[in-house]
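Visitor: Have a look at this one before I ask anything.
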Amino acid sequence: AGPDLDKVAIAEKLGAVGQVVLVMANKGGCGKSTVAAQLAYQLAADDSQEVGYLDVDLTGPSGPHLFSVADEEVHQAQTGWQPVSARDNLAVMSIGFMLPSRDDAIAWRGVRKTGLIKQFLRDVDWGEHLDWLIVDCPPGTSDEHITVAQYLGGLPNVSVLLVTTPQEMALLDVRKQVNFCHKAHLRVLGVVENMSVFVCPCCGHREQVFAPTTGGAQAMSAQLHVPLLGAIPLDPALMRACESGTALKDSASPAYGAVRALTARLQA
Ligand code: ADP
Numbered sequence: 042a043g044p045d046l047d048k049v050a051i052a053e054k055l056g057a058v059g060q061v062v063l064v065m066a067n068k069g070g071c072g073k074s075t076v077a078a079q080l081a082y083q084l085a086a087d088d089s090q091e092v093g094y095l096d097v098d099l100t101g102p103s104g105p106h107l108f109s110v111a112d113e114e115v116h117q118a119q120t121g122w123q124p125v126s127a128r129d130n131l132a133v134m135s136i137g138f139m140l141p142s143r144d145d146a147i148a149w150r151g152v153r154k155t156g157l158i159k160q161f162l163r164d165v166d167w168g169e170h171l172d173w174l175i176v177d178c179p180p181g182t183s184d185e186h187i188t189v190a191q192y193l194g195g196l197p198n199v200s201v202l203l204v205t206t207p208q209e210m211a212l213l214d215v216r217k218q219v220n221f222c223h224k225a226h227l228r229v230l231g232v233v234e235n236m237s238v239f240v241c242p243c244c245g246h247r248e249q250v251f252a253p254t255t256g257g258a259q260a261m262s263a264q265l266h267v268p269l270l271g272a273i274p275l276d277p278a279l280m281r282a283c284e285s286g287t288a289l290k291d292s293a294s295p296a297y298g299a300v301r302a303l304t305a306r307l308q309a
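Take 42 as the starting number for the sequence shown in UniProt numbering and just add one per residue.
Laid out in structure tokens, this is it:
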């Protein structure tokens with residue numbers, strides 16, 4: 042067999058991006074898309090950086106909503122699919138733009154999903170240069186991940202950010218994800234613990250709502266030899282920012298500093 046031309050084209054296209062960060066989680070609902078989107082917002086807060094957000098969560102695309110661009114459409118141009126601009130330096134691409142209505146679900150078989158992800162990786166026209174491409178992956182390790190790994194595994198500028206909640210199951214799941222990444226030659230940057238504590242707005246008491254039944258993220262990180270990159274508190278202001286499709290801007294809110302610190306760590 043000859044060389045895989047798609048693989049060559051994708052390696053060339055994404056190899057030119059500064060950093061490609063795949064955001065993964067084993068379970069739905071642990072805040073993967075939230076973390077991915079807020080990270081993109083924070084990176085784009087620096088005007089000198091060009092940021093792309095690619096939503097390959099085909100079963101639950103939240104990208105259009107998280108960036109308040111749900112009514113936009115994507116167009117095919119000669120140079121490729123044109124992503125939607127959320128800001129001058131923040132472009133979003135999502136399967137959500139291609140669905141006739143927000144209530145439609147994708148019920149595709151593996152081959153069709155694989156084909157679309159390949160197109161997403163190969164054919165989106167991100168413009169002249171991207172400093173960051175944040176990729177929101179679906180939960181688990183399914184067809185989508187295998188496809189992403191097939192095309193991006195081994196590229197030196199590609200890495201994975203794992204999002205988890207403090208419960209034991211979620212942490213056990215992290216182990217599966219780490220193993221998957223190792224097999225797929227995807228470098229694991231580290232783990233982010235989301236919904237770590239709830240800080241009472243009245244008295245400042247810190248309540249661990251989703252208490253770990255094991256040693257928690259810290260122990261897990263030590264066991265698996267993956268750095269713990271941050272802990273983001275359970276924060277109504279973060280939830281509201283997501284619901285209204287904006288960046289978390291309330292600097293007094295508990296999650297704000299955590300998201301900023303995580304962004305700084307990625308940039309370091
Ligand atoms: P996933 O992408 O893992 O399925 P989402 O990012 O969609 O999860 O998050 C699930 C829900 O939890 C959303 O309503 C989101 O706003 C909320 N959420 C996520 N992280 C936090 C947090 N740290 N504090 C408050 N709400 C959060």
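Even glycine gets a Cβ: it sits at the ideal position worked out from N, Cα and C.
Taking 6 Å as the limit between beta carbons, can you name the residues of its chain near Pro102, skipping five residues before and five after?
Guide: On the sequence shown, residue 102 is found 61 positions in, with the first residue counted as 1. Same-chain partners within the cutoff: Asp96, Ser135, Ile136 and Gly137.
Visitor: Rounded to whole angstroms, how far is the Cβ of Ala85 from the Cβ of Asn130, which I believe are closer than 8 Å?
Guide: Locating residue 85 in the sequence shown gives position 44, where the first residue counts as 1. Locating residue 130 in the sequence shown gives position 89, where the first residue counts as 1. Yes, Ala85 and Asn130 are in contact; Cβ-Cβ is about 5 Å, under 8 Å.
Visitor: Measure the C-alpha to C-alpha separation of Gly245 and Val238 and round it to an integer number of angstroms.
Guide: Position 204 of the sequence shown, counting from 1, holds the residue named residue 245. Position 197 of the sequence shown, counting from 1, holds the residue named residue 238. Rounded to whole angstroms, Gly245 to Val238 spans 11 Å at the Cα level.
Visitor: Using 7 Å as the cut-off, classify the Cβ of Leu84 as near or not near the heavy atoms of ligand 1, replying yes or no.
Guide: Along the sequence shown, read from residue 1 onward, the residue named residue 84 stands at position 43. No, since every heavy atom of ligand 1 falls outside the 7 Å radius drawn around the Cβ of Leu84.
Visitor: Using only CA atoms, which one of Gln160, Asn198 and Thr188 lies nearest to Asp172?
Guide: One-based indexing of the sequence shown puts residue 172 at position 131. The shortest C-alpha separation from Asp172 is found at Asn198.
Visitor: Do three or more CB pairs link the segment 158-178 to the segment 68-83 at distances below 8 Å?
Guide: yes
Visitor: Please classify His246: does DSSP put it in a helix, a strand, or coil?
Guide: Numbered from its first residue, the sequence shown carries residue 246 at position 205. Note: His246 maps to coil in three-state DSSP.
Visitor: Quick one: what's Ile273 bridged to in DSSP?
Guide: Here residue 273 is taken as the residue at index 232 of the sequence shown, counted from 1. BP columns for Ile273 point to Asn235.
Visitor: Hey, how far is the Cα of Thr100 from the Cα of Pro179?
Guide: To locate residue 100, count along the sequence shown from 1; it is residue 59. To locate residue 179, count along the sequence shown from 1; it is residue 138. Computed Cα separation, rounded: 7 Å.
Visitor: From Ala299 to Val233, what does the alpha carbon distance come to, in whole angstroms?
Guide: Translated into the one-based positions of the sequence shown, residue 299 becomes position 258. Translated into the one-based positions of the sequence shown, residue 233 becomes position 192. Cα to Cα, the separation comes out at about 10 Å.
Visitor: Here's a check: name, in chain order, each residue in its chain whose Cβ is nearer than 7 Å to the Cβ of Arg128, leaving out the five neighbours to either side.
Guide: Position 87 of the sequence shown, counting from 1, holds the residue named residue 128. Contacts found: Ala85.
Visitor: Below 8 Å between beta carbons: does that hold for Asn296 and Ala288?
Guide: What you label residue 296 is simply residue 255 of the sequence shown in a count that begins at 1. What you label residue 288 is simply residue 247 of the sequence shown in a count that begins at 1. Note that residue 296 corresponds to Ala in the displayed sequence, not to Asn. Not a contact, by the Cβ cut-off of 8 Å.
Visitor: Alpha carbon to alpha carbon, how far is Glu114 from Gln264?
Guide: Residue 114 sits at position 73 when you count from the first residue of the sequence shown. Residue 264 sits at position 223 when you count from the first residue of the sequence shown. So the alpha carbons of these two residues sit roughly 45 Å apart.
Visitor: Do the segment 214-226 and the segment 269-282 meet, that is, are 3 or more Cβ pairs less than 8 Å apart?
Guide: no
Visitor: In whole angstroms, what separates the C-alpha of Leu193 from that of Cys243?
Guide: The count along the sequence shown starts at 1 and reaches residue 193 at position 152. The count along the sequence shown starts at 1 and reaches residue 243 at position 202. Cα-Cα distance, rounded: 47 Å.
Visitor: Just to confirm, does Gly69 get its C-beta within under 7 Å of one of the non-hydrogen atoms of ligand 1?
Guide: Counting from 1 along the sequence shown, the entry for residue 69 is found at position 28. Yes, the beta carbon of Gly69 sits closer than 7 Å to at least one heavy atom of ligand 1.
Visitor: Excluding five sequence neighbours on each side, which residues of the same chain lie with their C-beta closer than 7 Å to the C-beta of Gly181?
Guide: Along the sequence shown, read from residue 1 onward, the residue named residue 181 stands at position 140. Excluding positions up to five away in sequence, the list reads Asn67.
Visitor: Starting from Leu203, trace the beta strand (DSSP E) in both directions and tell me its first and last residue.
Guide: The count along the sequence shown starts at 1 and reaches residue 203 at position 162. That run of the beta strand (DSSP E) goes Val199 to Thr205.
Visitor: What is the rounded straight-line gap between the Cα of Asp164 and the Cα of Gln117?
Guide: Reading the sequence shown from its first residue, position 123 is the one you call residue 164. Reading the sequence shown from its first residue, position 76 is the one you call residue 117. Cα-Cα distance, rounded: 9 Å.
Visitor: Take Thr188 as the anchor and find which of Leu227, Ser294, Glu53 and Ala293 has the nearest alpha-carbon.
Guide: Looking up residue 188 in the sequence shown gives position 147. Comparing alpha-carbon positions, the option among Leu227, Ser294, Glu53 and Ala293 lying closest to Thr188 turns out to be Leu227.
Visitor: Comparing the CB of Lys73 with every heavy atom of ligand 1, is any distance shorter than 7 Å?
Guide: Residue mapping note: residue 73 aligns to position 32 of the sequence shown, counting from 1. Lys73 Cβ: within cutoff of ligand 1.
Visitor: Does the Cβ of Ser103 lie closer than 7 Å to at least one heavy atom of ligand 1?
Guide: The residue you call residue 103 lines up with position 62 of the sequence shown. Correct: Ser103 has its Cβ closer than 7 Å to ligand 1.
Visitor: Go through its chain and collect everything with a Cβ distance to Gln90's Cβ below 7 Å, but skip five positions before and after it.
Guide: For this step, residue 90 is matched to residue 49 along the sequence shown. Leu84, Asn130, Asp172 and Trp173.
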